[in-house]
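Presented below is the structure to which this report refers.
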DNA sequence: CAGTGTATTTAGGAGTCCTAACTATCTGGA
DNA sequence: TCCAGATAGTTAGGACTCCTAAATACACTG
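Protein chains in written order, with my numbering: chain P, 4 to 204; chain L, 4 to 204.
This is the structure we're talking about:
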């Protein structure tokens with residue numbers, strides 16, 4: 004590496020730099036989440052669980068949530084226990100499977116969730132200033148990477164359209180959802196769809 | 004939201020979806036780092052510190068590393084203590100400031116660092132399959148978001164060219180580094196430059 | 001209905017992450 | 001010169017993360 008410091012080392016690999024940038028952004032987002040959680044007297048996972056359980060149509064069981072956040076069941080169980088102790092969620096046996104537990108927000112839980120769910124709004128606002136075409140491109144690139152990681156089994160669940168068995172090519176639009184029977188533009192593709200079912204039997 | 008489940012909710016905001024995708028990818032990368040660290044009997048932060056200290060030309064003090072990883076000084080101090088106990092780094096008073104501590108890898112530390120520093124190679128390989136133009140675009144978009152977050156003081160240090168006081172517009176190339184006196188293409192912009200100095204006095 | 005598998009919790013240990021408080025050292029004046 | 005105020009780092013202590021292993025309870029299959 005003659006004389007250019009290690010410029011070449013960073014030059015030779017756009018791929019590595021893209022990954023590094025994603026990592027940095029991820030770190031920033033994580034820090035942001037941590038601070039928001041703290042503001043509400045919660046830990047990061049606790050807040051994530053609270054927000055997720057606050058969404059309708061998503062699975063609200065310990066196992067599903069553990070997969071969603073890529074942690075073990077005991078870790079998530081701890082977080083739920085803490086949330087329950089704080090009076091923000093209620094735990095109840097599932098109707099169809101009494102081994103399982105359904106989570107539900109209490110009134111207090113809904114209150115906190117609604118105040119905290121916009122924790123990433125600052126970043127979203129920054130994104131608003133960028134050209135739509137760039138964002139579409141970046142979105143496609145990021146989801147391609149996520150899909151690749153999921154295919155390799157690195158990351159457990161990602162309920163993205165890109166990995167969903169109902170995603171088809173469209174006739175008038177680029178894509179088509181065979182479950183909802185809806186045409187989809189590129190910007191309609193979701194990152195976290197309640198109806199998602201993995202491809203390949 | 005009439006009848007389309009919450010499709011519209013996800014439709015209306017490409018910005019939010021881009022952020023969600025970044026968050027997911029960040030989560031996956033974090034999980035990957037955790038596993039690699041585990042493989043070497045280390046914790047995530049310990050591995051990050053080990054790798055960072057293994058790079059030349061970067062600050063190797065506790066404070067700088069804490070800022071780099073967005074954690075408090077005590078947290079990083081703990082990690083360093085653990086690494087020292089494992090015989091992977093040495094702690095020594097800095098030459099110019101005897102309050103400060105310089106870290107250095109031991110032979111064992113270099114060994115582990117060199118085996119683990121490619122922890123994200125799997126993702127990089129996935130990126131290699133994507134078109135260069137897309138990656139350039141995505142890289143620009145991600146760094147724009149990071150720069151925005153840094154400007155807002157959300158994230159502490161990001162030694163990116165985009166926030167560096169030495170970055171100029173180039174004549175033949177899009178950019179120019181006024182410190183190294185080098186022309187820079189878009190793909191030359193760095194995410195973590197040793198020579199970085201923040202803009203604005 | 002026995003056997004196997006699944007959902008979750010408990011137990012226990014290393015590490016993360018914080019704030020507060022303390023030591024040692026540096027730095028800028030009077 | 002000497003001291004007040006900053007700064008680099010550590011220690012202390014508490015809540016939480018994250019794991020594996022083991023237990024409990026229930027579900028499914030033949």
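We treat Cβ as the ideally placed atom computed from N, Cα and C, and that holds for glycine.
Asked, Found
"Of the listed residues 123/P, 186/P, 71/P and 169/P, nearest to residue 16/L (C-alpha basis)", "123/P"
"Close beta carbons around residue 107/P, own chain, < 6 Å, minus the five adjacent residues each side", "93"
"Beta-carbon gap between residue 18/P and residue 143/L smaller than 8 Å", "no"
"Buried or exposed by the 16-neighbour rule on C-beta atoms within 10 Å, applied to residue 141/L", "buried"
"Anticipated Cβ contact below 8 Å, residue 32/L with residue 126/L, distance rounded", "7 Å"
"Between the CA atoms of residue 35/P and residue 26/P - distance to the nearest angstrom", "14 Å"
"Sequence-distant residues of its chain with Cβ nearer than 6 Å to residue 95/L (five each side left out)", "105"
"Buried/exposed call for residue 71/L, threshold 16 Cβ in 10 Å", "buried"
"7 Å Cβ shell around residue 170/P - same chain, five flanking residues per side excluded", "164, 178 and 180"
"Check whether residue 128/P and residue 133/L have beta carbons under 8 Å apart", "no"
"Pairwise C-alpha distance: residue 57/L and residue 217/L", "Here chain L has residues from 4 to 204 only, and residue 217/L is not among them."
"Range of the contiguous beta strand (DSSP E) that encloses residue 172/P", "170-172"
"For residue 64/L, three-class secondary structure by DSSP", "strand"
"Beta-bridge partners of residue 48/P, as assigned by DSSP", "Its beta-bridge partners do not exist; DSSP assigns none."
"Terminal residues of the alpha helix (DSSP H) in which residue 83/P lies", "76-88"
"Simplified DSSP assignment, three categories, for residue 95/L", "strand"
"Burial state of residue 100/P (16 or more Cβ within 10 Å)", "exposed"
"Nearest-angstrom Cα separation, counted from residue 183/P out to residue 119/P", "30 Å"
"Reduced DSSP secondary structure (H/G/I, E/B, other) of residue 36/L", "helix"
"Where the beta strand (DSSP E) through residue 114/P begins and ends", "From DSSP, residue 114/P is part of no beta strand (DSSP E) but of the alpha helix (DSSP H) over 110-119."
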